[in-house]
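Residue numbers (the numbering used here), protein chains in the order written: chain A, 361 to 707; chain B, 361 to 707.
There are 2 protein chains.
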Amino acid sequence: MKKQLTIGIDVGGTNTVLGLVDREGNCLARTEFHTQRSTNEDGPVFFDEYMELLYEAIERLLADAPEDSRVEGIGIGAPNANFYKGAIINAANLTWKDRSKPSKERLGDFEKQNRCEVVKLLKKRFPAIKAIAMTNDANAAALGELHYGGGKSLKRKDLVEITLGTGLGSGFVSNGDIVYGHNSFAGELGHIVVEPNGRNCGCGNNGCLEAYASATGIRRTALNLIDNTGTPSSLRKIERDKLTAKDVSIAAAAGDKLALEVWDITGHYLALGVATATAVTCPEAVFLFGGPTKAGDLLMNPLKRYLDKYMMPNMRDTKVMFSKLGEDAAILGASALALNAIAALKK
Amino acid sequence: MKKQLTIGIDVGGTNTVLGLVDREGNCLARTEFHTQRSTNEDGPVFFDEYMELLYEAIERLLADAPEDSRVEGIGIGAPNANFYKGAIINAANLTWKDRSKPSKERLGDFEKQNRCEVVKLLKKRFPAIKAIAMTNDANAAALGELHYGGGKSLKRKDLVEITLGTGLGSGFVSNGDIVYGHNSFAGELGHIVVEPNGRNCGCGNNGCLEAYASATGIRRTALNLIDNTGTPSSLRKIERDKLTAKDVSIAAAAGDKLALEVWDITGHYLALGVATATAVTCPEAVFLFGGPTKAGDLLMNPLKRYLDKYMMPNMRDTKVMFSKLGEDAAILGASALALNAIAALKK
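Here it is in structure tokens:
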């Protein structure tokens, strides 16, 4: 029997990264290309151009597959990817145009204009590969954690992945599969309201978790304390527009009081989010992923202190820890989605 | 082919109610008995006595089944029921003792002492019925809604049921099945924190949704406004210990300002809960079930107003409505669990 391989594809705003992955989560080959490169330097970037680059990249990986193996699935993690439709819809950071649509329709229907049917096109191009699926980055990360990361040591396939970055994403795994919801938009833990009448959020609401516990939220908390307290801080010397969550981390590690207060506030809000996620789906573990987790105990200590307060007493056997996915996390997440797609075909 | 029937059993603190249910959700026969009746009037109630009463009741229903039908499954809804273990564990309102356990074990292990393995015993007694399962009341109500209530008109099998009563329970259906979580305790929406440092809750935490949006919470809000505002109200004439959510409903319907304020506050907190449930699992519909829903628009109007504020803009196609389950809701919920157990056997 041939060794089963999958291809994991991560569509980022800057680069598209692909890898050939075995069942143990080893990345046997990698390739990448610019996501929004046009054949015409000055012109708009068309979706069909992107797909040609993607086909070529996949073919490079297929050529790299060892003789005794077979690529059985392709998984794609992409912003605003709709699992049911296999399409990327209205992704703010992807400015592809779809020239296959008549211009009247483009103007008339925002969704149709911006609907990029990646899965349908890949199935057409690679008919031998039956299992092809796409979901958003956070869901892919959750499945990556399940199959290749911290989920491997869990007794049950129930976990939550919280991805901290510019935004705050999340993926909920129940009984081995993602909770997609009726329209594939589930897992928006970043947009639960943790502070009624609080900070404005990109989604249009106020007081969302994302506005507090993402890298951007951490930055906003720091600026807020700089503006509204007299606490001395090394962060006051950093140019306002350049202040980042990483700066807050470095300052806090050096004992800066204001920076430590920022992490305390971040831990408070993140604990509300983790406690809520746990009350709703009661996972065996909640994994935190992304840049701000590099702060380590600066984040984890206040988080655990507030979890003791906010987590329902009989839920406290849910473990909360940092992700065990390494550098290839995005590729592994997409590859893990392919594993689930292969399993779904066998059902 | 014989007509498929199921038996739905609702274990309440006072009565155990059973019904014989067809695929369309018609209850063909019913029976009931006191849940905590001992054969010895003054003695403790033993679990094995309870099971004898349950066996008899099930046999009565089996005898009632029409000739051209077959009972293929039994579902049980019970407080603190653990789906995975098929057992009722530490239910506060059920005071059964289990005399099959040696007393040392009883003292040594609280869980074992109070673990009533209903499913195992029923399988032993009724070996011809292969699909037997048990879950808590809110999960059963969610499945009842799915198979026999408002869920019938949904496109996808994704819904949330919120049960309002003395407490606030919830059941999350994703892709046709309950999200049970790693230890069967998922769906505790009543214990998300909506008011840090808020009211004390029976779970040991503070500020839980249940402390505000249950019938008990509504009563507490009314008493709080009576004590801490000067607003005139007909509710002030009711004896403090006897004031109920129903009184608040009657007063509000008559235009009582304080009572209307209570519903506004209730709507605010419930909206936080519904918006959170939606952000996490993105169901096609959220159904509200239980006594306080009889308040109708008094509850629904403020709820919808606050949902416009708290629900993430791209989640607003999730419908929020009252349950479509009628009088036999508890029996139908348990019967629906049996339907899922039958389907699981066929997988």
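Beta carbons: idealized from backbone N, C-alpha and C, even for Gly.
Assign B:Thr395 to one of three DSSP states: helix, strand, or coil. The residue given as residue 395 of chain B occupies position 35 in the second sequence. Three-state DSSP puts B:Thr395 in coil, outside helix and strand.
What are the residues that DSSP puts in a beta bridge with A:Cys642? Mapped onto the first sequence, residue 642 of chain A falls at position 282. For A:Cys642, DSSP assigns no beta-bridge partner whatsoever.
Three-state secondary structure (DSSP) at B:Gly468? The sequence position of residue 468 of chain B within the second sequence is 108, counting from 1. Only weak support exists for where B:Gly468 lies, its pLDDT of 39 falling under 50; the value from the coordinates is given anyway. Of the three classes helix, strand and coil, the one that applies to B:Gly468 here is helix, per DSSP.
Going by beta carbon distance, what residues of the same chain come within less than 7 Å of B:Leu667, once the five residues before and after it are set aside? Taking the first residue of the second sequence as position 1, residue 667 of chain B is located at position 307. Once the five neighbours on either side are set aside, the close Cβ partners of B:Leu667 are Ala631, Val634, Ala635 and Val680.
So, at 8 Å on beta carbons, what are the nonlocal neighbours of B:Ala637 in its own chain, with the 5 sequence-adjacent residues on each side left out? For the purposes of this step, residue 637 of chain B is taken as residue 277 along the second sequence, with counting starting at 1. The beta carbon of B:Ala637 sits closer than 8 Å to those of Val520, Ile522, Ser530, Phe532, Leu549, Pro643 and Val646, all from its chain and outside the five residues before and after it, given in chain order.
Counted within 10 angstroms of its Cβ, other Cβ atoms place B:Lys464 as buried (16 or more) or exposed: Along the second sequence, one-based indexing puts residue 464 of chain B at 104. No answer about B:Lys464 holds up, because its pLDDT of 46 lies below 50 and its placement is not dependable.
Contacts that B:Phe545 makes with chain A (C-beta to C-beta distance below 7 Å): In the second sequence, residue 545 of chain B corresponds to position 185, counting from 1. Simply Cys642, Asn674 and Met675.
Taking the alpha-carbon of A:Arg559 as reference, which of A:Ser574, A:Ala689, A:Ala704 and A:Ala546 has the nearest alpha-carbon? Here residue 559 of chain A refers to the residue found at position 199 of the first sequence. Ranking the options by Cα distance to A:Arg559, first place goes to A:Ser574.
At the level of alpha carbons, what is the spacing between B:Met660 and B:Phe649? Within the second sequence, the letter at position 300 stands for residue 660 of chain B. Within the second sequence, the letter at position 289 stands for residue 649 of chain B. Their Cα atoms are separated by approximately 12 Å.
To test your reading of the DSSP string, which unbroken alpha helix (DSSP H) runs of 4 or more residues are found completely within the region 614-676 of chain B? Runs of the alpha helix (DSSP H) spanning 4 or more residues and lying entirely within the region 614-676 of chain B occur at 617-641 and 657-670, in chain order.
By DSSP's criteria, A:Asn543 is part of a beta bridge. Which residues make up the other side? Walking along the first sequence from the start, residue 543 of chain A turns up at place 183. Per DSSP, none; premise fails for A:Asn543.
Reference A:Phe682; option with closest CA among A:Tyr670, A:Gly511, A:Met675 and A:Val478: Here residue 682 of chain A refers to the residue found at position 322 when the first sequence is read from its first residue. Looking at the Cα atoms, A:Gly511 is the closest of the given residues.
In whole angstroms, what is the alpha-carbon distance linking B:Ala655 and B:Thr576? For the purposes of this step, residue 655 of chain B is taken as residue 295 along the second sequence, with counting starting at 1. For the purposes of this step, residue 576 of chain B is taken as residue 216 along the second sequence, with counting starting at 1. Approximately 15 Å, taken between the alpha carbons.
Are there 16 or more other CB atoms within 10 angstroms of the CB of A:Leu595, so buried, or fewer, so exposed? Here the question's residue 595 of chain A lines up with position 235 in the first sequence. So A:Leu595 counts as buried.
If you draw a straight line from the alpha carbon of A:Cys387 to that of A:Val381, how long is it in whole angstroms? Residue numbering aside, residue 387 of chain A sits at position 27 when the first sequence is read from its first letter. Residue numbering aside, residue 381 of chain A sits at position 21 when the first sequence is read from its first letter. Going by the C-alpha atoms only, they are around 5 Å apart.
Nearest-angstrom Cα distance between B:Arg466 and B:Arg580? Along the second sequence, one-based indexing puts residue 466 of chain B at 106. Along the second sequence, one-based indexing puts residue 580 of chain B at 220. Caution is warranted here: a pLDDT of 42 is assigned to B:Arg466, below 50, making its placement in the model unreliable, and the coordinate value is therefore given only provisionally. Their backbone Cα atoms lie some 37 Å apart in a straight line.
List the residues of chain A that B:Asp518 touches, going by C-beta distances under 7 Å, in chain order. The count along the second sequence starts at 1 and reaches residue 518 of chain B at position 158. Gly541 and His542, listed in chain order.
Assign A:Leu705 to one of two classes, buried (16 or more other C-beta atoms within 10 Å of its C-beta) or exposed (fewer than that). Position 345 of the first sequence holds residue 705 of chain A. It counts as exposed.
Would a C-beta distance cut-off of 8 Å place A:Gly627 and A:Arg665 closer than the cut-off? Numbered from 1 along the first sequence, position 267 holds the residue referred to as residue 627 of chain A. Numbered from 1 along the first sequence, position 305 holds the residue referred to as residue 665 of chain A. A Cβ-Cβ contact shorter than 8 Å links A:Gly627 with A:Arg665.
If B:Ile492 and B:Ala701 are in contact, beta carbons under 8 Å, what's the gap, nearest whole angstrom? Taking the first residue of the second sequence as 1, we reach residue 492 of chain B at position 132. Taking the first residue of the second sequence as 1, we reach residue 701 of chain B at position 341. Sure, about 7 Å apart at Cβ, within 8 Å.
What are the partner residues of B:Met681, as DSSP defines its beta bridges? In the second sequence, the residue the question calls residue 681 of chain B occupies position 321. Partner(s): B:Phe647.
Determine, using beta carbons only, whether B:Cys563 comes closer than 8 Å to chain A. For this step, residue 563 of chain B is matched to residue 203 along the second sequence. B:Cys563 counts as touching chain A.
Going along chain A in order, which residues have a C-beta closer than 9 Å to the C-beta of B:Phe532? Sequence index remark: in the second sequence, residue 532 of chain B carries index 172 (1-based). Ser534, Val539, Val640 and Thr641, listed in chain order.
Since A:Leu549 meets chain B, which of its residues come closer than 7 Å, beta carbon to beta carbon? For the purposes of this step, residue 549 of chain A is identified with residue 189 of the first sequence, where counting begins at 1. Identification of chain B residues near A:Leu549 by a Cβ-Cβ cut-off of 7 Å yields Ala639 and Val640, ordered along the chain.
For A:Asn565 versus A:Val554, is the C-beta distance shorter than 8 Å? In the first sequence, counting from the first residue as 1, residue 565 of chain A sits at position 205. In the first sequence, counting from the first residue as 1, residue 554 of chain A sits at position 194. A distance of 8 Å or more separates the beta carbons of A:Asn565 and A:Val554.
Any beta-carbon of chain B closer than 8 Å to the one on A:Val680? Against the first sequence, residue 680 of chain A aligns to sequence position 320. Contact of A:Val680 with chain B is not assigned, every C-beta pair being separated by 8 Å or more.
Let's see if you can read the secondary structure: which residues bound the alpha helix (DSSP H) around B:Thr576? The residue you call residue 576 of chain B lines up with position 216 of the second sequence. Its alpha helix (DSSP H) spans residues Ala575 to Asn588.
For A:Val553 and chain B, any beta-carbon pair shorter than 8 Å? One-based indexing of the first sequence puts residue 553 of chain A at position 193. Yes, A:Val553 lies at the interface with chain B (some Cβ there is under 8 Å from its Cβ).
What residue from B:Gly433, B:Tyr444 and B:Leu481 has the CA that sits closest to B:Leu413's CA? Within the second sequence, the letter at position 53 stands for residue 413 of chain B. The shortest C-alpha separation from B:Leu413 is found at B:Leu481.
Report the three-state DSSP secondary structure of B:Asn700 (helix, strand or coil). Indexing the second sequence from 1 puts residue 700 of chain B at position 340. Helix.
Going along the region 649-672 of chain B in order, which residues come within less than 7 Å of chain A, judged by CB to CB distance? Of all residues in the region 649-672 of chain B, only Tyr670 and Met672 come within less than 7 Å of chain A when Cβ atoms are compared, listed by chain position.
How would you write the range of the alpha helix (DSSP H) that A:Ala502 sits in, first residue to last? Stepping through the first sequence from its first residue, residue 502 of chain A is reached at position 142. DSSP places A:Ala502 in the uninterrupted alpha helix (DSSP H) bounded by Asp497 to Tyr508.
What residues of chain B sit near A:Thr636, judged by a beta carbon separation below 7 Å? For the purposes of this step, residue 636 of chain A is taken as residue 276 along the first sequence, with counting starting at 1. Simply Ile552 and Thr636.
Buried or exposed: where does A:His394 fall if 16 or more other Cβ atoms within 10 Å of its Cβ makes it buried? As a first step, residue 394 of chain A is located in the first sequence; it is residue number 34 there, counting from the start. Taking all protein chains shown into account, A:His394 has fewer than 16 neighbouring C-beta atoms within 10 Å of its C-beta and is therefore exposed.
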